[in-house]
Amino acid sequence: MKKRVFSGARPTGRQHIGNYLGAVRNYVAIQDEYDCVYCVVDIHALTTLESTESLREDIYEMVLDWLAAGMDPQKSIIFVQSHVPEVMELHTLFSMVTPLSWLLRVPTFKEKVKMQPDNVNYGLVGYPVLMTADIALYKGEVVPVGEDQLPHLELAREIVRRFNTLFGVVFPEPQAKLTNFPAVLGLDGVQKMSKSYNNHIEISAPPQEISKRVMTAVTDPARKYRSDPGHPDICNVFRLHNFFSPARVEEIASECRSARIGCVECKTILAESINLNLKPFRERRASLASKPGYVNQVLADGADRAEAIAKDTIREVKEKMKLLQRADLGRPR
Ligand code: SF4
């Protein structure tokens, strides 16, 4: 029996290189080793969204990118969180066993309060409870996380443990699969790559657009003139070469340090490497996009498969909690 992996991602639309290197590549890589459940967490997104205008399109574009990158609906369950409403039910039940003090001490809650002081909604506080419900509903045993997310997973483990102690064991305590998520900086070379900073490169962008974006990348700030020796170790363009031009990094580092290559030329090489790497992805994306209804079909099938697991879990939870169920009334629907 393969262990079950659960992972959720907010619907952020077309994926950028940071998403691809940090998460999507890994989602694809572990599909054979684990029984994977991948969820677009649209309800989580509501805690911070100012508008839901682009939500549907964002889900479609993100899932299209996922599929084109190699996430395989034959191997993995790919679905949208709100399509399986049992998660909201489990969230409510978990909220009864989660002390408020546990939630108020979560560092990301404190950060969000600072970021959106006029919208400190109830969902923000309960975010970790919903996250725990996401994992536990599908009896997720393994959760791929970066080091910074470990405290969240620890909280999920505490909630699950408390439920199991109070009512009897239903859920496995999810284990972290520490993934070496590379911290991909944006084109500004300072902040994490993110659409909100407009420092990103979309993986589905046309080659010309990718080249144009790469040419705006900040390089070694100490290298003012073409004749100055560069410092590849502090240059973000060089970091991206590590991912996209691994066979050439030593040569580029040496030429940079001896000023035999200029930054414009170096970026041109990077743009070519990125475009070459993404060519098969772009072709698959175009092919999948030309199949009417394909993404919707994948999500509908995924929701059916996820729902079957979710219903079994909720039934088990209610039995353990001794809740009177409709089936107990002798008139099951
Ligand atoms: S030559 Fe390349 S690695 Fe060196 S500073 Fe310029 S962009 Fe960075």
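Under our numbering, think of the first position of the sequence shown as 178, with each following residue one higher. Beta carbons: idealized from backbone N, C-alpha and C, even for Gly.
Across the set SER422, PRO457, SER431, ARG459, the C-alpha of SER422 shows the shortest separation from the C-alpha of THR445. Within the region 351-400, the runs of beta strand (DSSP E) at least 3 residues long that lie entirely inside it are, in chain order, 352-355. A residue is called buried when at least 16 other Cβ atoms come within 10 angstroms of its Cβ; PRO406 does not meet this threshold and is exposed.
Between the alpha carbons of GLU386 and GLU379 lies a distance of about 9 Å.
Residue range 254-257 is occupied by the beta strand (DSSP E) that includes ILE255. Shown here, TYR215 sits in a strand according to DSSP, grouped into three states. Secondary structure remark: continuous alpha helix (DSSP H) runs of at least 4 residues inside the region 243-290, in chain order: 263-272, 277-281. Secondary structure of PRO294 (DSSP, three-state): helix.
A Cβ-Cβ distance of about 19 Å is found for the pair ASN413 and ALA436, leaving them out of contact under the 8 Å criterion. Taken through DSSP and simplified to helix, strand or coil, ALA485 comes out as helix. In this structure, DSSP gives VAL322 an extended state, which the three-state scheme calls strand.
With a cut-off of 8 Å on Cβ pairs, the region 265-274 is not in contact with the region 234-253, counting fewer than three such pairs. DSSP lists ASP212 as the bridge partner or partners of ARG181. For HIS193, there is no enclosing alpha helix (DSSP H), as DSSP marks it with neither H nor E. Here DSSP, grouped into helix, strand and coil, assigns ALA186 to strand. Not a single heavy atom of the ligand SF4 lies less than 6 Å from the C-beta of PHE421. If you check the C-beta of PRO398 against the ligand SF4, you find no heavy atom less than 6 Å away. The C-beta of ALA360 has fewer than 16 other C-beta atoms within 10 Å across all chains shown, which makes the residue exposed. GLN368 sits exposed, since fewer than 16 C-beta atoms from the chains shown fall within 10 Å of its C-beta. For ILE411, the closest C-alpha among the options ARG181, CYS433, LEU465 is that of CYS433. When C-alpha distances from PHE344 are compared across MET498, LYS179, ALA245, the shortest belongs to MET498.
Straight-line measurement puts the Cα of ARG400 at about 49 Å from the Cα of ASN473.
In the three-state reduction of the DSSP assignment, TYR402 falls in the coil class.
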